[in-house]
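Numbering (numbering that gives the first Met the number 0), first residue to last: 0 to 258.
Quick reminder that beta carbons are idealized off the backbone N, C-alpha and C, glycines included.
Since the model is a prediction, treat every value here as computed from it, not as a measurement.
See structure below.
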Amino acid sequence: MKALILAAGEGKRMAHLTADIPKSLITFQGTDLLQYKIRVLKNAGIDDIKIVTGYLHEAIDTLGYNTVYNRLYKSTNMLYSLFLGLQDEDTDILICYGDIIFEQKVLDGLLINNNPIVVAVDEKYLDYWTMRMENPFADLESCSINEQGELLEIGNKVEDYSLIDAQYIGLIKISREVIPLLRNMWAIYIVEMGEESAHQTSITPFLNWLIFKGVTLHVEKIKNGWLEFDSVNDFHIYNDLYNTGKLSSFLDVDSLNTM
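Structure representation (structure tokens):
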């Protein structure tokens, strides 16, 4: 198992916090976001880590990890970085966004799910999104799951909670045997959508397209235990919650700092 961390973006919504460092190196309660992830990964026995870099990549390059530089980071999105990172890979891969942190239980549940493509989703998403923003629908996406734990739809904008069974958290596990299929589907996607549009696509629309094309995606359901640092507002909210003892309802950051 290898971890592939996608950390190429500029993190513009983090404002001054990313003026001099990539978003994945922002420090939160004593540790940067990248190290939080690496601690949990290594605790699960995942020592093989590759990071797709872009904005201010030198800051990550100096840390000694295997890196791949996305030189088109200004004009591409997560999906492009993902397939850049998947080049030449032939092993089980854990895909992880650079701007999330998560507890051990989140990763452990994902790793024991033996389906070929497993998407981690949070069933208790509503409290988390309501805590972060006045209008959750400004950010929430569709996520429909059947009784067999298969994704039926994901990534579309909605304004109806009945269309949301959970929310994607930025973690996907893929088995080595499906990597050739995914590479082939990526090539088809580029042809169908056009290169520029495909390169600027985020991951959930691509997942939804895969479902439409008949690819089966399973989910691993979680209940809290993670945080996304999408904006400077998130950063301040989490610090305020930590200082008032309320952050542990969403993630126990102290447990990560004692690993």
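Query, Result
"Limits of the unbroken alpha helix (DSSP H) element including GLU195", "194 to 198"
"Backbone secondary structure at LEU93 - three-state DSSP", "strand"
"Proximity winner among MET0, ASP31, TYR64 and ALA18, relative to ALA43 (alpha-carbon distances)", "MET0"
"Where TYR160 falls, given that 16 or more other Cβ within 10 Å makes a residue buried", "exposed"
"C-beta contact flag for ILE210 and GLU158 at 8 angstroms", "no"
"CB-CB length for LYS41 against ILE4, believed under 8 angstroms", "Between ILE4 and LYS41 the Cβ distance is about 13 angstroms, and since that is not below 8 angstroms, they are no contact."
"Completely contained alpha helix (DSSP H) runs for the segment 9 to 52, where each covers 4 or more residues", "32 to 42"
"Buried or exposed (CB count within 10 angstroms, at least 16 for buried), LYS73", "exposed"
"Separation of CYS142 from LEU85, as counted between CA atoms", "25 angstroms"
"Host alpha helix (DSSP H) of SER141 (start-end)", "Taken as a continuous stretch (DSSP letters only), SER141 belongs to no alpha helix (DSSP H), being part of the beta strand (DSSP E) at 140 to 144."
"Cα-Cα separation, ILE50 to VAL67", "6 angstroms"
"Buried versus exposed, by CB contacts within 10 Å (16 or more), GLY97", "buried"
"As assigned by DSSP and simplified to three states, the class of ASP107", "helix"
"Validate contact between the segment 105 to 113 and the segment 169 to 176 using beta carbons, cut 8 angstroms, 3 pairs", "yes"
"Test item: CB-CB of PHE27 and PHE249 under 8 angstroms", "no"
"Nonlocal neighbours in the same chain, by C-beta distance under 7 angstroms from TRP208, ignoring five residues either side", "TYR188"
"Among ASP31, ASP121, VAL120 and ALA165, the one whose alpha carbon lies nearest that of VAL252", "ASP31"
"Which residues DSSP lists as bridging THR66, in chain order", "ILE50"
"Where HIS56 falls, given that 16 or more other Cβ within 10 Å makes a residue buried", "buried"
"Cutoff 7 angstroms; reference ASP138; Cβ partners in own chain excluding five residues on either side", "TRP128 and MET132"
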